[in-house]
Amino acid sequence: MRQALLEYDYDWNMQRVFDQGSRSLDGTRKEFERARSRFPTMGTVMDLFYQYEDVGRAMTKGAAKYISNIVTARQDGRKVALTTFCMSPALCYAMDVVPLLIEPITAVGNLSRKYGMGEFMDYCLEIGFAETACSAQRGAMGAYLGGAAQKPDFVLCNMSGICDTNTSAFAFAAEALDLPLFQCNFPPQMRGERADAYHRADYRAMIDFMAEQTGKPLDPAKLRGVLEEIQKQDELIVEMQDYQRMIPSPIPTTFNLFMYLLRFLFGGTEDGTKTLEEMLKVIRKNVKEGKPGNRFGEEKARALFVYTDHYGGGLPLWNFLDSRGITHLGCIADRFYQQAAPYVKDGEGYTVDAADLDSMIDTMAALNCRMPMVKQIRGPYDAPDMWLDEIRAQRELYNPDFAVYMGTPGCRNTWGMVKLLAKQLEKEGLPTLIINADVFDERVESWSMTQARFEEFLDVRRIGI
Numbered sequence: 077m078r079q080a081l082l083e084y085d086y087d088w089n090m091q092r093v094f095d096q097g098s099r100s101l102d103g104t105r106k107e108f109e110r111a112r113s114r115f116p117t118m119g120t121v122m123d124l125f126y127q128y129e130d131v132g133r134a135m136t137k138g139a140a141k142y143i144s145n146i147v148t149a150r151q152d153g154r155k156v157a158l159t160t161f162c163m164s165p166a167l168c169y170a171m172d173v174v175p176l177l178i179e180p181i182t183a184v185g186n187l188s189r190k191y192g193m194g195e196f197m198d199y200c201l202e203i204g205f206a207e208t209a210c211s212a213q214r215g216a217m218g219a220y221l222g223g224a225a226q227k228p229d230f231v232l233c234n235m236s237g238i239c240d241t242n243t244s245a246f247a248f249a250a251e252a253l254d255l256p257l258f259q260c261n262f263p264p265q266m267r268g269e270r271a272d273a274y275h276r277a278d279y280r281a282m283i284d285f286m287a288e289q290t291g292k293p294l295d296p297a298k299l300r301g302v303l304e305e306i307q308k309q310d311e312l313i314v315e316m317q318d319y320q321r322m323i324p325s326p327i328p329t330t331f332n333l334f335m336y337l338l339r340f341l342f343g344g345t346e347d348g349t350k351t352l353e354e355m356l357k358v359i360r361k362n363v364k365e366g367k368p369g370n371r372f373g374e375e376k377a378r379a380l381f382v383y384t385d386h387y388g389g390g391l392p393l394w395n396f397l398d399s400r401g402i403t404h405l406g407c408i409a410d411r412f413y414q415q416a417a418p419y420v421k422d423g424e425g426y427t428v429d430a431a432d433l434d435s436m437i438d439t440m441a442a443l444n445c446r447m448p449m450v451k452q453i454r455g456p457y458d459a460p461d462m463w464l465d466e467i468r469a470q471r472e473l474y475n476p477d478f479a480v481y482m483g484t485p486g487c488r489n490t491w492g493m494v495k496l497l498a499k500q501l502e503k504e505g506l507p508t509l510i511i512n513a514d515v516f517d518e519r520v521e522s523w524s525m526t527q528a529r530f531e532e533f534l535d536v537r538r539i540g541i
């Protein structure tokens with residue numbers, strides 16, 4: 077790793093960037109433009125955030141606070157858990173542990189660093205990690221493995237039986253950094269008496285592991301407080317996703333991104349709840365005025381992203397969608413399977429039960445086993461409750477004009493199924509675009525080439541024209 081990358085801790089650097097970025101949103105437009113000139117790499121991102129004022133301010137301040145908690149955890153006497161976006165952070169907050177979600181921290185670097193996260197990704201290869209592993213982990217993980225960020229205290233993984241590259245990444249990090257590791261495992265079926273019993277037993281084992289690492293037992297009062305915030309967040313998210321059914325959709329293009337980032341970073345916290353409330357104010361205003369959420373001013377097409385979004389520098393995907401008047405109907409990352417969600421079948425989702433400690437832990441286990449990816453791709457794509465079922469339910473609900481698949485070369489589980497999935501969706505009348513890019517590493521395919529593929533698909537299929 078180049079010495080220059082070790083001069084400043086990566087996590088500290090990101091905290092300073094987002095802290096200064098959030099301060100720039102507190103001023104006038106003139107002050108913002110002056111400050112923006114100092115952030116050339118983040119300029120388009122800051123423009124998107126400034127557009128929504130209170131929402132953008134809350135998002136940037138929240139990101140700065142989240143990264144600051146990671147940087148200052150040791151001096152505050154708290155442990156840091158290296159974990160994944162597929163693991164709800166709510167239990168960490170209930171046990172006073174700082175969750176370090178490696179994939180969002182990779183995305184943060186892509187948004188703010190001139191050259192993205194390529195050198196950190198490459199460092200993982202230099203020390204023996206597989207080149208075919210997912211870039212979502214390899215990015216920020218390279219910084220931690222190379223000593224360019226503060227070392228976490230233990231590792232929590234939530235993908236055994238779901239994503240082999242994710243599981244391997246966290247196992248590799250635990251070995252390389254000599255850290256204790258806990259792996260949650262998942263059977264191929266999501267529902268049923270045996271599956272429920274397995275999920276609950278496995279989750280209790282993780283609580284015991286965290287209590288051993290922190291030296292503190294789970295506090296029922298803190299867990300109840302976290303679940304109360306989860307309940308509020310669930311109601312806000314469900315209302316947003318219900319509004320998404322409207323034509324035109326009143327949801328601003330970036331709000332799906334904000335929605336799942338908030339749930340990944342601030343699930344079960346007041347900060348997350350307050351920002352979701354600000355988002356809902358914007359959406360309700362659009363509903364009242366009969367306005368589409370996109371900046372184009374007209375809804376020309378509706379896109380359902382069946383896997384991930386694209387996290388290239390400057391958030392190019394969202395700017396492109398806005399420029400074409402295309403509504404973003406969400407992706408796999410914002411499906412949390414609250415029982416009240418409009419796309420959820422009876423018995424498929426979870427409900428919050430805070431009657432006693434056992435009920436609260438069972439609720440957390442049910443929530444955790446329905447996190448994005450964990451729920452949809454644990455079994456065959458066309459099995460009950462899995463990927464195809466989800467897309468069919470969303471198609472019926474949200475009326476998309478086309479579907480899009482994009483991920484990373486490391487997403488082998490979905491790459492092994494996506495051609496079959498796309499063929500079935502096309503047969504059912506939903507045009508489907510497969511993007512052969514890496515959504516975290518533009519060296520694989522530049523955004524300009526990805527955009528050209530998008531435009532060709534839309535032109536050939538006569539969508540949004």
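In the numbering used here, the protein residues as written are 77 to 541.
Glycine included, every Cβ here is placed at the ideal spot set by N, Cα and C.
Three-way DSSP call (helix, strand, coil) for residue i in this model
i, result
"residue 236", "strand"
"residue 101", "coil"
"residue 169", "helix"
"residue 510", "strand"
"residue 313", "helix"
"residue 86", "helix"
"residue 412", "coil"
"residue 242", "helix"
"residue 370", "coil"
"residue 259", "strand"
"residue 520", "coil"
"residue 205", "coil"
"residue 380", "strand"
"residue 386", "coil"
"residue 543", "As shown, the chain starts at 77 and ends at 541. That puts residue 543 outside it, with no answer to give."
"residue 405", "coil"
"residue 115", "coil"
"residue 484", "coil"
"residue 553", "As shown, the chain starts at 77 and ends at 541. That puts residue 553 outside it, with no answer to give."
"residue 536", "helix"
"residue 158", "strand"
"residue 457", "coil"
"residue 576", "Outside the displayed span of the chain (77 to 541) sits residue 576, for which this structure offers no information."
Residues near residue i by beta carbon distance below 7 Å, same chain, minus five either side
i, result
"residue 390", "120 and 121"
"residue 262", "236, 237, 238, 445, 450 and 454"
"residue 97", "115, 118, 122 and 136"
"residue 358", "128, 131 and 328"
"residue 384", "407, 408, 409, 482, 483 and 515"
"residue 175", "157, 159, 165 and 168"
"residue 315", "356"
Chain-order list of residues whose beta-carbon lies under 6 Å from that of residue i (same chain, five-residue window excluded)
i, result
"residue 519", "194"
"residue 457", "463, 464, 493 and 497"
"residue 439", "428 and 429"
"residue 207", "201"
Cβ separation of residue i and residue j, assumed to be a contact under 8 Å, to the nearest whole Å
i, j, result
"residue 311", "residue 346", "Not a contact, Cβ separation roughly 15 Å."
"residue 172", "residue 350", "In fact, because the Cβ distance is near 21 Å, the residues do not count as touching under 8 Å."
"residue 200", "residue 217", "6 Å"
"residue 229", "residue 289", "7 Å"
"residue 140", "residue 108", "The pair is not a contact, with the Cβ atoms about 16 Å apart (cut-off 8 Å)."
"residue 394", "residue 124", "7 Å"
"residue 213", "residue 179", "7 Å"
"residue 82", "residue 224", "5 Å"
Element boundaries [beta strand (DSSP E), containing residue i]
i, result
"residue 175", "174 to 177"
"residue 481", "478 to 481"
Residue i - containing alpha helix (DSSP H), residue span
i, result
"residue 396", "392 to 400"
"residue 363", "346 to 365"
"residue 131", "130 to 148"
"residue 29", "This structure leaves residue 29 out entirely; the chain is present only between 77 and 541."
"residue 333", "331 to 342"
"residue 494", "494 to 503"
"residue 439", "433 to 444"
"residue 277", "269 to 290"
"residue 472", "463 to 474"
Nonlocal neighbours in the same chain, by C-beta distance under 8 Å from residue i, ignoring five residues either side
i, result
"residue 321", "418, 473, 474 and 475"
"residue 527", "392 and 396"
"residue 489", "238, 239, 240 and 453"
Any chain C beta carbon closer than 8 Å to residue i
i, result
"residue 402", "Although the question refers to chain C, the structure presented lacks it and comprises just one protein chain."
Exercise. Does the pairing of the segment 297 to 306 with the segment 456 to 468 give three or more beta-carbon distances under 8 Å?
Worked result: Under the Cβ criterion (8 Å, minimum of three pairs), the segment 297 to 306 does not count as touching the segment 456 to 468.
Exercise. Using 8 Å as the Cβ pair cut-off and three pairs as the minimum, do the segment 368 to 384 and the segment 318 to 328 touch?
Worked result: Put simply, the segment 368 to 384 touches the segment 318 to 328. At least three CB pairs are less than 8 Å apart.
Exercise. Would you call the segment 412 to 424 and the segment 494 to 514 touching, i.e. three or more CB-CB distances under 8 Å?
Worked result: no
Exercise. Contact between the segment 375 to 389 and the segment 271 to 288: three or more CB pairs below 8 Å?
Worked result: no
For this session: Count the C-beta pairs between the segment 469 to 482 and the segment 417 to 426 that are closer than 8 Å, then say yes if the count reaches three, no if not.
Result: yes
For this session: Flag this pair as touching only if the segment 181 to 191 and the segment 81 to 100 have three or more C-beta atom pairs under 8 Å; answer yes or no.
Result: Yes, the segment 181 to 191 touches the segment 81 to 100.
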